[in-house]
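*Asks:* Protein sequence lines, in the order shown, are assigned to chains A and B.
Going by my numbering, the first residue of the first sequence is number 42, and it counts up by one from there.
Going by my numbering, the first residue of the second sequence is number 406, and it counts up by one from there.
Note that beta-carbon positions come from the ideal geometry of N, C-alpha and C, so glycine has one too.
Computed from a prediction, not measured in an experiment: that's the story for all the values here.
First the structure, which I've put down as structure tokens, then a few questions once you've had a look.
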Amino acid sequence: MKRFLSQLSFWKVVAGIILLAGAYSTVVRFFGGLGAATHLNDQFPWGLWIGFDVLCGVGLAAGGFTLAAIVYIFNIKRFEPIIRPTILTAFMGYVLVVVALMFDLGRPWLIWHAIIMWNPHSVMFEVAWCVMLYTSVLALEFSPVVLEKFHMDKTKRFVKKITIPLIIVGVLLSTLHQSSLGSLYLIVPEKLFALWYSPYLPVFFYVSAIAVGCAMIIFESFMSSRAFHRGLELNLLTEVARIAVMVLGVFMVMTVVDLADRKVLPLLFQARTETYFFWLEKMVGVIIPFFLLAQKKVRENETGLFWSAAMIIIGFVLNRLNISITGMEGWAGKSYFPSWMEISVTLSIVAVGFIVFGLAAKYLPLFKHEQHERPRKPEDEWIEDLRSVSQPNL
Amino acid sequence: MTKSKAMLIDLSLCIGCNSCQDACKTTNKLTAGEEKTLSSTAYTALEEHDGVFVRRMCQHCVDPTCASVCPVGAFEKTPEGPVLYDESKCIGCRYCMQACPFQVPRYEWSSTYPRVQKCIFCHGRITQGLQPACAEACPTGATKFGDRDDLIREALERMKAEPTKYVNRIYGQNDVGGTSILYITSVPFEKLGFKTELQQAALPQLTWNALSKVPSVVTVGGSLLYGIWWITNRRSEVQKHEQEQREGHKGSNGNHV
Chain A
42 MKRFLSQLSF WKVVAGIILL AGAYSTVVRF FGGLGAATHL NDQFPWGLWI
92 GFDVLCGVGL AAGGFTLAAI VYIFNIKRFE PIIRPTILTA FMGYVLVVVA
142 LMFDLGRPWL IWHAIIMWNP HSVMFEVAWC VMLYTSVLAL EFSPVVLEKF
192 HMDKTKRFVK KITIPLIIVG VLLSTLHQSS LGSLYLIVPE KLFALWYSPY
242 LPVFFYVSAI AVGCAMIIFE SFMSSRAFHR GLELNLLTEV ARIAVMVLGV
292 FMVMTVVDLA DRKVLPLLFQ ARTETYFFWL EKMVGVIIPF FLLAQKKVRE
342 NETGLFWSAA MIIIGFVLNR LNISITGMEG WAGKSYFPSW MEISVTLSIV
392 AVGFIVFGLA AKYLPLFKHE QHERPRKPED EWIEDLRSVS QPNL
Chain B
406 MTKSKAMLID LSLCIGCNSC QDACKTTNKL TAGEEKTLSS TAYTALEEHD
456 GVFVRRMCQH CVDPTCASVC PVGAFEKTPE GPVLYDESKC IGCRYCMQAC
506 PFQVPRYEWS STYPRVQKCI FCHGRITQGL QPACAEACPT GATKFGDRDD
556 LIREALERMK AEPTKYVNRI YGQNDVGGTS ILYITSVPFE KLGFKTELQQ
606 AALPQLTWNA LSKVPSVVTV GGSLLYGIWW ITNRRSEVQK HEQEQREGHK
656 GSNGNHV
């Protein structure tokens with residue numbers, strides 16, 4: 042208990058420092074311009090906020106459409122217990138992407154221009170519309186939880202009625218959005234290093250988003266089961282892991298075929314930074330988790346599942362950062378590393394995400410079908426501490 | 406119809422006097438002072454590579470990448486040749502900078518109301534029948550203004566007249582679909598910092614390949630999802646119905662006994 046208290050304040054202090062630094066950086070960003078707060082420059086116009094906050098934020102929200110399709114389209118209802126927290130995570134992911142865009146855009150207050158000044162030849166135009174529409178769809182998909190809390194039954198019944206069209210539109214928008222983030226890079230065939238640049242970038246982005254969507258479902262279930270003392274739907278997660286293995290397998294074959302097709306396989310065996318990072322990303326995010334999760338005993342084991350999912354997520358983040366930063370550095374002739382202010386803004390956005398999720402879990406009927414409490418484990422302690430950060434009034 | 410204008414830059418004639426940049430800065434009211442690289446206050450700059458001066462500026466592509474990638478259509482290729490930027494539309498996503506194959510657009514990083522900055526090919530002047538300020542100021546004829554077709558012909562003539570002097574290539578004739586700024590040189594382009602491996606076709610097609618599939622993804626994908634939902638939903642309804650019937654049957658049996 043003593044340890045609990047001391048750590049509780051420790052995590053609060055950490056969160057406080059992050060948010061304070063983030064607030065300072067925000068002031069610098071908006072009163073001094075992008076140049077004052079970031080390490081961006083004319084050779085490197087997109088950095089951490091695009092590479093991590095936007096590319097990864099959207100990707101990590103992929104659990105939302107993956108699970109929505111599983112539950113509502115494929116009608117596999119046994120996954121229903123985890124749908125609400127997953128949709129919430131996706132929604133928050135998108136809200137955070139929008140917040141990050143407000144920092145990254147040079148003139149964020151003109152963002153509405155994308156609504157009236159059309160350029161259908163621009164991938165960014167597609168991205169902008171997908172962000173707007175899918176954020177709205179996610180808000181609607183999540184709205185029953187809020188409506189239930191405030192007993193607005195009529196409105197809730199209406200939303201329930203349009204669930205299926207809503208889910209279909211959501212899956213379509215996600216498909217377009219996930220792939221279009223890859224399409225963004227189709228325009229830089231010379232700039233992006235050949236291991237990553239492929240005419241099939243949109244397909245790779247889409248397939249990897251499904252894989253990370255599965256991993257996120259597993260990861261989130263673990264986190265919330267520990268943080269909120271809920272039972273873990275292990276058998277469900279084992280099933281999700283099976284889907285992940287299939288997707289990772291497809292992804293691996295696609296990668297090799299694509300590299301061979303573009304005749305760049307020799308690049309895999311060169312001693313250069315890009316190659317190392319490519320291998321790192323593929324080993325951590327695809328190859329190792331594939332062989333781990335391909336085994337039944339790993340899929341049915343809590344620790345195995347958790348760490349495999351974590352690896353897929355880390356590999357995914359590496360992939361997006363490699364495409365947006367590592368793979369572009371060679372051509373730009375300039376290296377880029379984010380400033381502490383860029384990092385503090387990103388961390389603050391993530392911290393706010395944790396806090397909001399914690400509040401939602403506390404006050405909204407997020408976990409509908411409560412299961413029996415599982416026995417406490419030693420690692421629960423630190424997660425509990427983490428949770429205390431997100432519930433300041435505890 | 407107006408003929409598309411262009412400029413031919415003969416690097417072998419450039420003496421590095423910087424008159425082009427001075428004239429440009431005066432005409433476009435940019436902060437004065439010599440600059441060695443492109444910046445938000447220098448639309449053009451002379452970069453020195455092994456004693457050769459390379460005049461850098463926006464290439465004014467025939468099919469500009471920046472115009473294709475801008476989500477709000479802030480860039481426009483005018484019939485006269487210049488690629489123009491409308492700052493009132495710009496939201497500051499900087500995709501133009503990310504996408505430009507020549508790494509030309511510059512940003513006002515320290516401004517709180519930042520603009521993208523690049524050469525405007527003195528659009529106002531050339532529509533009045535004048536030359537761009539830089540071409541007018543060039544004392545050696547290293548920068549020459551004219552119709553694109555004529556300038557390509559002239560470049561080929563110069564190369565033919567002195568084949569041992571010139572590299573047998575007009576940079577910008579076909580690179581990324583052709584540009585309005587053309588270069589010839591006596592020193593190989595790759596030694597002067599030029600990106601010589603750029604593809605010959607214009608870049609916007611690359612993203613259009615993906616974007617043009619959006620309608621079919623929506624229609625085919627939508628029908629497919631609806632179809633799958635209809636089947637799975639029907640199946641579960643039938644199951645439910647059968648179960649109810651079975652239970653109903655059992656119930657009535659019980660009543661009999």
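#1: Taking the CB atoms as reference points, tell me whether residue 629/B and residue 167/A lie closer together than 8 Å.
#2: Residues of the segment 588 to 614 of chain B in Cβ contact with chain A at a cutoff of 8 Å, in chain order, please.
#3: Beta-carbon within less than 8 Å of residue 77/A's beta-carbon, same chain only, minus the 5 sequence neighbours each way: which residues are those?
#4: To the nearest angstrom, how far is it from the Cα of residue 142/A to the Cα of residue 607/B?
#5: Should residue 488/B and residue 592/B be called a contact, given that it needs their Cβ atoms to be closer than 8 Å?
#6: Leaving aside the five residues before and after residue 139/A along the sequence, list all residues of the same chain whose C-beta is less than 8 Å from its C-beta, in chain order.
#7: Skipping 5 residues on each side, what residues in its chain have a beta carbon closer than 6 Å to that of residue 224/A?
#8: Using 10 angstroms around the beta-carbon of residue 410/A, count the other beta-carbons present and answer buried if the total reaches 16, otherwise exposed.
#9: Which value, in whole angstroms, describes the spacing of the CA atoms of residue 134/A and residue 278/A?
#10: Can you list the residues of chain B that residue 167/A reaches, using a CB-CB cut of under 7 Å?
#11: Just to confirm my understanding: we take residue 325/A, look at its own chain, exclude 5 residues before and 5 after, and list those with CB closer than 6 Å. What are they?
#12: Where does residue 414/A fall in DSSP's three states?
#13: Is residue 551/B helix, strand or coil when you go by DSSP?
#14: Give me the residue from 525/B, 455/B, 428/B, 652/B with the minimum Cα distance to residue 586/B.
#15: Can you name the residues of chain A whose CB is closer than 7 Å to the CB of residue 498/B?
#16: In or out: residue 219/A buried (at least 16 other Cβ within 10 Å) or exposed?
#17: Any heavy atom of the ligand HEM closer than 7 Å to the CB of residue 62/A?
#18: Return the bridge partner residues of residue 466/B from the DSSP annotation.
#19: Please list, in chain order, all residues of the same chain as residue 136/A whose beta carbon is under 6 Å from its beta carbon, the five residues on each side excluded.
#20: Looking at residue 89/A: is its Cβ nearer than 8 Å to the Cβ of residue 384/A?
#21: Please name the residue in 145/A, 149/A, 209/A whose C-alpha comes closest to that of residue 111/A.
#22: Where residue 51/A and residue 203/A are concerned, what is the direct C-alpha to C-alpha distance, given to the nearest angstrom?
#23: Would you give the residue range spanned by the beta strand (DSSP E) that residue 234/A belongs to?
#24: Is residue 120/A near residue 108/A, with beta carbons less than 8 Å apart?
#25: From which residue to which residue does the beta strand (DSSP E) around residue 461/B run?
#26: Taking only three categories from DSSP, how would you classify residue 412/B?
#27: In this structure, how does DSSP classify residue 661/B when only helix, strand and coil are distinguished?
#28: Mind checking the segment 456 to 478 of chain B against chain A and listing, in chain order, the residues whose C-beta falls within less than 7 Å of any C-beta there?
#29: Say whether the segment 418 to 435 of chain B touches the segment 497 to 508 of chain B, bearing in mind that this needs 3 or more beta-carbon pairs closer than 8 Å, one atom from each stretch.
#30: Note down, in chain order, every chain B residue with its Cβ under 7 Å from the Cβ of residue 212/A.
#31: If you run the structure through DSSP and keep just helix, strand and coil, what is residue 439/B?
#32: Whose Cβ in chain A lies nearer than 9 Å to the Cβ of residue 643/B?
#33: Does chain A have any CB closer than 8 Å to the CB of residue 518/B?
#34: Can you give the Cα-Cα distance for residue 377/A and residue 226/A, rounded to whole angstroms?
#35: Over what stretch of residues does the beta strand (DSSP E) that includes residue 448/B continue unbroken?
#36: With contact counted as at least three CB pairs below 8 Å, one residue from each stretch, are the segment 331 to 347 of chain A and the segment 257 to 274 of chain A in contact?
*Replies:* Working from what's here:
#1: Along the second sequence, one-based indexing puts residue 629/B at 224. Along the first sequence, one-based indexing puts residue 167/A at 126. For residue 629/B and residue 167/A, no; Cβs fall outside 8 Å.
#2: 600, 602, 603, 604, 608, 609, 611, 612, 613, 614
#3: Locating residue 77/A in the first sequence gives position 36, counting from the first residue. Here the set comprises 69, 70.
#4: Residue 142/A sits at position 101 when you count from the first residue of the first sequence. Residue 607/B sits at position 202 when you count from the first residue of the second sequence. Roughly 29 Å between the two C-alpha positions.
#5: Taking the second sequence and counting its residues from 1, one reaches residue 488/B at position 83. Taking the second sequence and counting its residues from 1, one reaches residue 592/B at position 187. Result no, Cβ atoms of residue 488/B and residue 592/B do not sit closer than 8 Å.
#6: Translated into positions along the first sequence, residue 139/A becomes position 98. So the qualifying residues of the chain are 172, 176.
#7: Your numbering for residue 224/A matches position 183 in the first sequence. Excluding sequence neighbours, residue 224/A sits near 164, 243.
#8: Mapped onto the first sequence, residue 410/A falls at position 369. With a pLDDT of only 48 at residue 410/A, under the threshold of 50, the placement of this residue in the model should not be trusted; the figure read from the coordinates follows. So residue 410/A ends up on the exposed side.
#9: Stepping through the first sequence from its first residue, residue 134/A is reached at position 93. Stepping through the first sequence from its first residue, residue 278/A is reached at position 237. When rounded, the distance between both Cα atoms is 21 Å.
#10: As a position in the first sequence, residue 167/A is number 126, starting the count at 1. The contacting residues are 616, 619.
#11: Sequence index remark: in the first sequence, residue 325/A carries index 284 (1-based). Around residue 325/A: 352, 355, 356.
#12: Position 373 of the first sequence, counting from 1, holds the residue named residue 414/A. Since pLDDT at residue 414/A reaches only 46, below the 50 mark, its modelled position is unreliable, and the value read off the structure follows with that caveat. Coil.
#13: Along the second sequence, one-based indexing puts residue 551/B at 146. DSSP places residue 551/B in strand when its eight states are reduced to three.
#14: Numbered from 1 along the second sequence, position 181 holds the residue referred to as residue 586/B. Checking every option, the nearest Cα to that of residue 586/B belongs to 525/B.
#15: Translated into positions along the second sequence, residue 498/B becomes position 93. Here the neighbours are 146, 165.
#16: As a first step, residue 219/A is located in the first sequence; it is residue number 178 there, counting from the start. Its Cβ being crowded by 16 or more others within 10 Å, residue 219/A is buried.
#17: Summarising the ligand content, the structure contains no ligands, and the ligand HEM is consequently not present.
#18: Within the second sequence, residue 466/B is the residue found at index 61, counting from 1. Looking at the DSSP assignment, residue 466/B forms a beta bridge with 584/B.
#19: In the first sequence, counting from the first residue as 1, residue 136/A sits at position 95. Closer than 6 Å at Cβ, skipping near neighbours: no residue.
#20: Walking along the first sequence from the start, residue 89/A turns up at place 48. Walking along the first sequence from the start, residue 384/A turns up at place 343. Yes, they are a contact pair.
#21: Residue mapping note: residue 111/A aligns to position 70 of the first sequence, counting from 1. Comparing Cα-Cα distances from residue 111/A to each of 145/A, 149/A, 209/A, the minimum goes to 209/A.
#22: Within the first sequence, numbered from 1, the residue matching residue 51/A stands at position 10. Within the first sequence, numbered from 1, the residue matching residue 203/A stands at position 162. Distance between the alpha carbons of residue 51/A and residue 203/A is about 45 Å.
#23: Here the question's residue 234/A lines up with position 193 in the first sequence. Careful: residue 234/A lies outside any beta strand (DSSP E) and carries neither H nor E.
#24: On the first sequence, position 79 is the one that residue 120/A refers to. On the first sequence, position 67 is the one that residue 108/A refers to. Yes, they are a contact pair.
#25: Along the second sequence, read from residue 1 onward, the residue named residue 461/B stands at position 56. From DSSP, the beta strand (DSSP E) with residue 461/B extends over 457 to 461.
#26: Reading the second sequence from its first residue, position 7 is the one you call residue 412/B. The answer is strand: DSSP assigns residue 412/B an E or B state.
#27: Position 256 of the second sequence, counting from 1, holds the residue named residue 661/B. Residue placement at residue 661/B is flagged as unreliable, the pLDDT there being 48, under the threshold of 50; a coordinate-derived value is accordingly withheld.
#28: 470, 473, 474, 475, 476, 477, 478
#29: no
#30: Here the question's residue 212/A lines up with position 171 in the first sequence. Neighbours of residue 212/A on chain B, chain order: 630.
#31: Position 34 of the second sequence, counted from the first residue, corresponds to residue 439/B. Note: residue 439/B maps to coil in three-state DSSP.
#32: Your numbering for residue 643/B matches position 238 in the second sequence. Residues of chain A passing the Cβ test: none, with the nearest at roughly 12 Å.
#33: One-based indexing of the second sequence puts residue 518/B at position 113. Judged by the 8 Å Cβ criterion, residue 518/B is in contact with chain A.
#34: Taking the first sequence and counting its residues from 1, the one referred to as residue 377/A is at position 336. Taking the first sequence and counting its residues from 1, the one referred to as residue 226/A is at position 185. About 18 Å.
#35: By 1-based counting over the second sequence, the position of residue 448/B is 43. Unbroken run through residue 448/B: none, as it is neither H nor E.
#36: yes
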